[in-house]
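Presented below is the structure to which this report refers.
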Amino acid sequence: ETLEECRRARFGETGRLCNAQEAIGEIVRRDGVSSFEGYYKNDAANAARTRNGWFWSGDLAYRDVDGVFYFAGRNADWIRVDGENFAAAPVERIIGRHPDVAGVAVYGVPDPVTGDQVMAALELRDGSAFDPGSFDAFLRAQPDLGTKWSPRFVRVVPALPVTTTDKVDKQPLRKAAWRAGDVWWRPERDAPYEPLTGDASAALVRALDENGRGALLPAGG
Numbered sequence: 238e239t240l241e242e243c244r245r246a247r248f249g250e251t252g253r254l255c256n257a258q259e260a261i262g263e264i265v266r267r268d269g270v271s272s273f274e275g276y277y278k279n280d281a282a283n284a285a286r287t288r289n290g291w292f293w294s295g296d297l298a299y300r301d302v303d304g305v306f307y308f309a310g311r312n313a314d315w316i317r318v319d320g321e322n323f324a325a326a327p328v329e330r331i332i333g334r335h336p337d338v339a340g341v342a343v344y345g346v347p348d349p350v351t352g353d354q355v356m357a358a359l360e361l362r363d364g365s366a367f368d369p370g371s372f373d374a375f376l377r378a379q380p381d382l383g384t385k386w387s388p389r390f391v392r393v394v395p396a397l398p399v400t401t402t403d404k405v406d407k408q409p410l411r412k413a414a415w416r417a418g419d420v421w422w423r424p425e426r427d428a429p430y431e432p433l434t435g436d437a438s439a440a441l442v443r444a445l446d447e448n449g450r451g452a453l454l455p456a457g458g
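If you're matching positions, the sequence shown starts at 238 in my numbering and goes up one per residue.
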C-alpha cells in the first residue's frame, strides 16, 4: 500500500473502467481510528483495520472526476488473470444483467500455472434453466466485459449462500471451487461451455499439484 490517493477513474465509450489497476483502492478514514470500537477478542483483525493510524474499511472503490464513488467489492475480491488485476464487483454487475440471473457471485479459483481463473456462481430465476450457449453469447455481446473477465467456470446453485447479515458468502464457494455439482467450464479460453466431468475436475487438481500449487485449493471442497 502506497498511502497515496488513487488516480481518478477513466471510462471508455462503452462505460468500461479503463484504468482499474491505478484507480481502484481501499476506502480509508484518516480520522477513523478513534471511532472504531474494534473486534471482540480479535487483535489480528483490529490491527488489519487500523494501520498507520487510519481506519481501513476493507471495501474497494474507484472515483470519477466528479468525485462520485463506485463500489468495487471487498479487498478479498481481487482476481488476477494473466497478470491483470481486477475486482469481482464489475463482473458481477455485468452478469447480473442476464434476464435469467437472480443472483451472482464472482470469485477467483487457482490457475494450474499462475494467478487465478474466474468462476461465477449463478442463482437463476424461478422457472429458468442454464443455457450454456445463450449465456456464452450474452457474455460475448457485453461491450464492457474485459477480455480476461469472462468466467472459465460457471456453477449453478439453487440459492447463493448468505451470511447472518444477508450478504453473499463467498467463502464456501471458494472452498468448493469447481469440485461441486452442476459446474460448466471452458476447456480452452474461447471454447464453448460444457459440463465439467469428474475426470476433468481430477485433471485440474493434478495439474495444480504438478505445478506446486495444490495448497492453493482449499481442503474439504
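Note that CB positions come from ideal geometry on N, CA and C, so glycine has one too.
Task: Straight-line Cα distance separating Arg334 from Arg245 - done: As a first step, residue 245 must be located in the sequence shown, where it is residue number 8. As a first step, residue 334 must be located in the sequence shown, where it is residue number 97. Near 26 Å, if we compare the C-alpha coordinates of Arg334 and Arg245.
Task: Closest residue to Glu290 among Val328, Phe390, Arg267, Ala326 (Cα-Cα distance) - done: Numbered from its first residue, the sequence shown carries residue 290 at position 53. The sequence shown places Gly at residue 290, rather than the Glu named in the question. With distances taken between Cα atoms, Gly290 lies closest to Arg267.
- [ ] Within its chain, find whatever has a CB closer than 7 Å to the CB of Pro347; leave out the 5 residues flanking it on each side and keep chain order.
- [x] Residue mapping note: residue 347 aligns to position 110 of the sequence shown, counting from 1. Cβ within range, chain order: Asp353, Leu445, Arg450, Leu453, Leu454.
Open item on the list: If the criterion is Cβ atoms closer than 8 Å, does the pair Ala414 and Met356 meet it?
Closed with: Within the sequence shown, the letter at position 177 stands for residue 414. Within the sequence shown, the letter at position 119 stands for residue 356. Cβ distance < 8 Å, so Ala414 and Met356 count as in contact.
Open item on the list: Please give me, in chain order, every unbroken run of the beta strand (DSSP E) with length at least 3 that falls completely inside the segment 367-435.
Closed with: 390-394, 420-422
Open item on the list: Which residue wins for smallest C-alpha separation from Asp298, given the options Gln258, Val393, Asp419?
Closed with: Counting from one through the sequence shown, the residue named residue 298 turns up at place 61. Here the sequence assigns Ala to residue 298, which means Asp is not the residue at that position. Cα-wise, what sits closest to Ala298 is Gln258.
TODO: Report buried or exposed for Leu240, applying the criterion of at least 16 other Cβ atoms within 10 angstroms of its Cβ.
DONE: Mapped onto the sequence shown, residue 240 falls at position 3. It counts as exposed.
TODO: Identify every residue that forms a DSSP beta bridge with Gly340.
DONE: The residue given as residue 340 occupies position 103 in the sequence shown. In DSSP, Gly340 forms a bridge with Glu360.
Task: Cβ-Cβ distance between Trp386 and Phe323 below 8 Å - done: What you label residue 386 is simply residue 149 of the sequence shown in a count that begins at 1. What you label residue 323 is simply residue 86 of the sequence shown in a count that begins at 1. Their beta carbons are under 8 Å apart, which means Trp386 touches Phe323 by this criterion.
Open item on the list: Please report the straight-line C-alpha distance between Glu447 and Pro349, rounded to a whole angstrom.
Closed with: Within the sequence shown, the letter at position 210 stands for residue 447. Within the sequence shown, the letter at position 112 stands for residue 349. Between Glu447 and Pro349, the C-alpha separation is close to 8 Å.
- [ ] Might you give, ordered along the chain, the residues of its own chain that have their beta carbon closer than 8 Å to the beta carbon of Ala437, omitting 5 neighbours on each side?
- [x] Taking the sequence shown and counting its residues from 1, one reaches residue 437 at position 200. Only Trp422, Pro424 meet the Cβ criterion.
Open item on the list: Tell me the rounded alpha-carbon separation between Asp301 and Asn256.
Closed with: Within the sequence shown, residue 301 is the residue found at index 64, counting from 1. Within the sequence shown, residue 256 is the residue found at index 19, counting from 1. Their Cα atoms are separated by approximately 11 Å.
- [ ] Measure how close the beta-carbons of Phe306 and Ala326 come, nearest whole angstrom, since I'm counting them as under 8 Å.
- [x] On the sequence shown, residue 306 is found 69 positions in, with the first residue counted as 1. On the sequence shown, residue 326 is found 89 positions in, with the first residue counted as 1. That pair is no contact at about 12 Å.
Task: Environment of Gly364 [buried if 16+ CB atoms lie within 10 Å] - done: Working through the sequence shown from its first residue, we reach residue 364 at position 127. Gly364 is classed as exposed because its beta carbon has fewer than 16 other beta carbons within 10 Å across all chains shown.
- [ ] Starting from Ile332, trace the alpha helix (DSSP H) both ways and give me its first and last residue.
- [x] Counted from its first residue, the sequence shown places residue 332 at position 95. It spans 325-332 - the alpha helix (DSSP H) in which Ile332 sits, taken as one unbroken run.
TODO: Measuring alpha carbon to alpha carbon, tell me which of Phe292, Arg377, Val341, Thr287 ends up nearest Val394.
DONE: Against the sequence shown, residue 394 aligns to sequence position 157. Comparing Cα-Cα distances from Val394 to each of Phe292, Arg377, Val341, Thr287, the minimum goes to Val341.
Task: When Thr287, Ile331, Lys407, Gly345 are compared against Arg317, the one with the closest alpha-carbon - done: Along the sequence shown, read from residue 1 onward, the residue named residue 317 stands at position 80. Looking at Thr287, Ile331, Lys407, Gly345, the one whose alpha-carbon comes closest to that of Arg317 is Gly345.
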